[in-house]
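Remarks on the structure that follows.
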Amino acid sequence: MSSVSLIRADSYEQQELRSSLETLLEPWGGMGAFVKKGNRVLLKPNLLTAGRPGKECITRPEIVCCVAQLVQEVGGKPFFGDSPAFGSARGVAESNGYLPMMESVNLPIVEFHGQRYHTVSESFNHLRLSKEAMEADVVINLPKIKSHMQLTLTMGVKNLFGCVPGKMKAWWHMEAGKDESRFGEMLVETARAIAPELTIIDGIIGHEGNGPSGGEPRGLNLLGASEDVFALDRSLV
């Protein structure tokens with residue numbers, strides 16, 4: 174049976190956040206339960222847009238930085254990346270204040286490149302997914318809790334849609350307007366194919382209203398984690 178850890182967390186201040194993340198992962202014995210020495214570890218935040226810094230449209234860089242440090246301390250080799258809706262991962266990261274923190278922990282940024290992968294789904298038996306995600310030893314999914322105009326909420330499962338590179342994401346969003354069920358099935362199969370070893374969700378401050386990018390910040394004061402991205406999302410609905 175999958176485990177879900179949920180805790181109250183009020184601050185992105187680095188020492189407090191690190192303590193919160195350590196508490197969050199205590200049920201599994203810490204980061205070492207997910208990352209072994211020498212593992213290449215993809216940290217997959219939500220890097221939606223460069224356009225609204227400070228509006229909590231993205232996973233906070235403080236979260237990514239702290240998780241990177243925890244990975245490094247157990248011998249892992251973290252890197253981070255995403256396929257933003259607009260622009261490059263580096264450009265979105267720079268606009269949202271990521272670069273100084275990433276440089277302080279020597280965390281490289283990668284741009285995602287697509288490749289087709291076979292999946293077990295009859296409806297989606299070949300998905301174009303990020304080579305960088307599929308070939309990482311470990312994937313740590315780092316979503317943000319946000320409202321979403323098409324899907325009501327975007328959390329762990331939807332964040333893995335960022336592993337669909339480039340223009341394919343725009344095409345799928347157009348398809349969602351025609352058939353939400355088919356879009357939902359594709360999201361499920363994408364999450365199953367990526368199969369993140371750990372999901373840590375940033376809910377200290379969420380994003381409500383005209384999401385995923387046009388709303389406003391909303392304090393939720395929580396962090397959540399699970400080895401099962403579906404279980405974590407269900408626990409928060």
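All you need for the numbering used here is the position in the sequence shown, starting with 1, plus 173.
Yeah, the Cβ is synthetic: ideal placement off N, Cα and C, and Gly gets one too.
Predicted, not measured: the structure shown is a model, and the values here were computed from it.
Environment of residue i [buried if 16+ CB atoms lie within 10 Å]
i	result
LYS317	buried
SER256	buried
ASP183	exposed
ASN332	buried
VAL410	exposed
GLY382	exposed
Where the beta strand (DSSP E) containing residue i begins and where it ends
i	result
GLY249	Careful: GLY249 lies outside any beta strand (DSSP E) and carries neither H nor E.
GLY211	Element bounds for GLY211: n/a, residue is neither H nor E.
GLY379	371-381
LEU324	Looking at the DSSP string, LEU324 is not in any beta strand (DSSP E), and its letter there is neither H nor E.
Contact under 8 Å by Cβ, residue i with residue j
i	j	result
LEU221	PRO385	yes
LEU198	GLY397	no
ALA223	SER268	yes
PHE252	LEU280	yes
THR372	LEU302	no
ARG191	CYS239	yes
LEU326	LYS217	no
ALA241	GLY254	no
VAL160	VAL311	Only positions 174 to 410 of the chain appear in this structure, which leaves residue 160 out of reach.
Given residue i as reference, the closest of the options once Cα atoms are compared
i	options	result
ARG391	GLY335, HIS380, MET204, ALA398	HIS380
SER193	GLU400, HIS286, PHE253, ILE374	ILE374
LEU324	VAL265, CYS336, ASP352, LEU315	ASP352
GLY227	GLU358, CYS336, GLY387	GLY387
ILE378	LEU395, GLU370, ALA364, THR363	LEU395
VAL278	ARG301, ARG263, VAL244, SER303	VAL244
SER320	MET274, PHE356, GLY249, GLY376	GLY376
GLY249	ARG225, SER261, GLU235, LYS210	LYS210
PHE259	MET204, GLY335, THR372, SER408	GLY335
GLU229	TYR185, GLN242, GLY203	TYR185
VAL402	LEU326, GLY382, VAL361	VAL361
Beta-bridge partners of residue i, as assigned by DSSP
i	result
ARG225	Paired residues: none, contrary to the question.
PRO218	LEU315
GLU284	ASP255
THR232	Beta-bridge pairing links THR232 to no other residue.
LEU179	GLY397
Boundaries of the alpha helix (DSSP H) in which residue i is found, first to last residue
i	result
ALA398	Careful: ALA398 lies outside any alpha helix (DSSP H), inside the beta strand (DSSP E) at 389-399.
ARG191	187-197
SER408	402-409
LEU360	353-367
LEU272	271-277
SER184	No alpha helix (DSSP H) holds SER184; DSSP gives it neither H nor E.
The ligand SAM heavy atom lying under 7 Å from the CB of residue i
i	result
ILE367	With respect to the ligand SAM, the structure shown offers nothing to examine, as it has no ligands at all.
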